[in-house]
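Chemist: After the structure tokens below, expect a handful of questions from me.
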Amino acid sequence: MAEEKKSITYADAGVDIDAGNKAVELMKDSVRASYRPEVIGDLGGFGGLFALNIAKYKEPILVSGTDGVGTKLKLAFMADKHDTIGQDAVAMCVNDILVQGAEPLFFLDYIAVDKVDSQKVANIVKGVANACKESGCALIGGETAEMAGFYSKGEYDIAGFCVGCVDKSKMITGEKVKAGDVLLGLPSSGVHSNGFSLVRKICFEHMGFDMNTVIPEFGCTLGEQLIIPTRLYPKTCLPLIEKFDIHGMVHITGGGFYENIPRILPKDCDALVNAESWEVPMVFKKLQEWGNVDWKEMYRTFNMGVGMVLVVDPSEADAVRAHLTEAGETFFELGEVIPGEQKTIMKGGVFGA
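So the number in my numbering is just where the residue sits in the sequence shown, counting from 1, plus 2.
Below, the structure is given as structure tokens:
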């Protein structure tokens, strides 16, 4: 009698559809909590539906942005902590479209895993949904892809994109930036989501630390400090955009001060930034010390404690300061726009007079 052949299933190949369905069930409440009134339908459709309230705008301009988290993911794996990394993915997108004046409307995520761990995926999406809610945008869709044999065991990648809207008259393009404008800075929450290849090189390869190494100057473990999620700026900045004629905004991400600020400068202007106008957080001081990193390299790689820069007309600067103060927001007097050649000039502190 011939031996009966075994029937190979998708699960045998490493893809568990049931685990994926369970993950969806676990994340439903978090996702629904992010919904805005404009969201149509529920989870499970092939596309997310959003009815733009066109009555709110005279000339609506859609603004979109996409990003991932980068090698900060490695720290989430090392710490086995997955409920905040989703905020990093959302923040990198909503903060980017915010600088053009756009209110974030909706977000979609993409998570690719080696094997679906239902609770882990739900925790990741919970972080995404919470960040969306905090930013005022709805998580209207996403995709979890189980890619057996493609990722290392326990690892995953996350990316996403958001769409926002701004009235054409309120768009922030940098065209209004001029010499004499004031530069104000909003604090970051930490390293955010850039420069982690250098962070890992310094901390884990060069210094031999691990995530549980207690750093007295931090008052916590190295891992707890480094995994702090990227700050979300919409709640702070959208009222400013609505109320004032903001000339320019800069999200300080990869490239730091030297690469990001010039992106909104006219060709005949420089940004003069006083490095003594704010206290650089201890995490950056220690990274510089441990790696003996040149200070210019630090300000070219990291946010150094400033996650968002506002470029304000001097005639409105006092009113903007008053608004931020009344809202309980910390801000820094970074410097000013001066005649120049579309570059950032750092002065004071480690840069000299």
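Don't be surprised by glycine CBs; every beta carbon is placed ideally from N, CA and C.
Determine, using beta-carbon pairs with one atom in the segment 83-97 and one in the segment 133-145, whether at least three such pairs fall under 8 angstroms.
Modeler: Output reads yes: the segment 133-145 touches the segment 83-97.
Chemist: Looking only at C-alpha atoms, which of 38, 351 and 310 sits nearest to residue 238?
Modeler: Closest by alpha carbon: 310.
Chemist: Are the segment 10-23 and the segment 100-107 in contact at 8 angstroms, needing three or more beta carbon pairs?
Modeler: Because the criterion of three Cβ pairs below 8 angstroms is not met, the segment 10-23 and the segment 100-107 do not touch.
Chemist: What number of angstroms, rounded off, separates the C-alpha of residue 201 from the C-alpha of residue 287?
Modeler: Rounded to the nearest angstrom, the two C-alpha atoms are 12 angstroms apart.
Chemist: Applying the 10 Å Cβ sphere with the 16-neighbour rule, what's the burial state of residue 43?
Modeler: Answer is exposed; the Cβ neighbour count stays below 16.
Chemist: Give the list of continuous alpha helix (DSSP H) stretches no shorter than 4 residues that lie fully inside the segment 16-104.
Modeler: Listed in chain order, they are 19-34, 75-81 and 87-100.
Chemist: Output yes or no for whether 8 angstroms exceeds the beta carbon distance between residue 248 and residue 346.
Modeler: The answer is no: Cβ separation not under 8 angstroms.
Chemist: With a threshold of 7 angstroms on Cβ separation, who are the neighbours of residue 16 within its own chain once the five nearest residues in sequence on each side are excluded?
Modeler: Hits under 7 angstroms: 117, 150 and 151.
Chemist: Is it true that the CB of residue 61 sits closer than 8 angstroms to the CB of residue 212?
Modeler: No; because the gap between Cβ atoms is not below 8 angstroms, this pair is not in contact.
Chemist: Counting along the chain, where does the alpha helix (DSSP H) carrying residue 284 start and finish?
Modeler: Segment 284-293, the alpha helix (DSSP H) holding residue 284.
Chemist: Is it right to say residue 49 is buried, meaning 16 or more other beta carbons lie within 10 angstroms of its own, or is it exposed?
Modeler: That one is exposed.
Chemist: Please name the residue, chosen from 342, 337 and 165, that lies closest to residue 350 on a Cα-to-Cα basis.
Modeler: Out of 342, 337 and 165, 337 has the C-alpha closest to the C-alpha of residue 350.
Chemist: Please identify the residue among 279, 302, 259 and 284 whose C-alpha is closest to the C-alpha of residue 273.
Modeler: The shortest C-alpha separation from residue 273 is found at 259.
Chemist: Restricting to runs no shorter than 3 residues, where is the beta strand (DSSP E) found entirely within the segment 219-306?
Modeler: If we require 3 residues or more, the beta strand (DSSP E) runs fully inside the segment 219-306 come out as 250-253 and 271-276.
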